[in-house]
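For the sequence shown, the working numbering assigns the number 257 to the initial residue and increments by one for each residue that follows. From the three backbone atoms N, C-alpha and C, an ideal C-beta is built for every residue, glycine too.
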Amino acid sequence: MAMSAGKDDGSPMMDMNTTPLIDVMLVLLIMFIITIPVATHSIDIDLPVATPPTDTPPPIDPIKNKIVLTPDSKILWNGVQIDQNGLINSLQATTRMSTEPELQFQPEPDASYELSAQVLQVIKAAQVTKFGFVGNEQFANFGK
């Protein structure tokens, strides 16, 4: 930075000293940068709440219902094709049982993503509590 010492004639220097102004501006800039919240991009997912373990294990129900989505947009309930209304009725019937059976969801690799999202929305609306994804090992090499 260049400094001016004034004229040789002994007159006072008329230039403003900007060094303190620049120092204050830099401090304010640093404080502003520090106080900016970190931008987070997240997707909210409702995860099941864990139940505390009990002394006696719950009885094991051998009935497991499996929903499979095929590449040609068919919904299979335990191997039998059903439509979306039939899926809603079946899910409501399982939630009314005294011991709710496990619901397994397995879309085939080429199944429609839109259909998968619709079926998951129907399952969530039916308030199924015993739900799991199966067959995820088929996607272990996805994108490789």
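Where residue i falls: helix, strand or coil (DSSP)
{"i": "residue 331", "result": "strand"}
{"i": "residue 386", "result": "coil"}
{"i": "residue 321", "result": "strand"}
{"i": "residue 301", "result": "coil"}
{"i": "residue 364", "result": "coil"}
{"i": "residue 292", "result": "coil"}
{"i": "residue 358", "result": "strand"}
{"i": "residue 266", "result": "coil"}
Status (buried if at least 16 other CB within 10 Å, exposed otherwise) for residue i
{"i": "residue 288", "result": "exposed"}
{"i": "residue 294", "result": "exposed"}
{"i": "residue 373", "result": "exposed"}
{"i": "residue 347", "result": "buried"}
{"i": "residue 336", "result": "exposed"}
{"i": "residue 285", "result": "exposed"}
{"i": "residue 325", "result": "buried"}
{"i": "residue 359", "result": "buried"}
Close beta carbons around residue i, own chain, < 8 Å, minus the five adjacent residues each side
{"i": "residue 302", "result": "380"}
{"i": "residue 357", "result": "317, 319, 320, 321, 350 and 386"}
{"i": "residue 343", "result": "323, 331, 333, 375 and 378"}
Pair within 8 Å by beta-carbon distance, residue i and residue j
{"i": "residue 384", "j": "residue 362", "result": "no"}
{"i": "residue 367", "j": "residue 327", "result": "yes"}
{"i": "residue 365", "j": "residue 340", "result": "no"}
Close beta carbons around residue i, own chain, < 7 Å, minus the five adjacent residues each side
{"i": "residue 283", "result": "none"}
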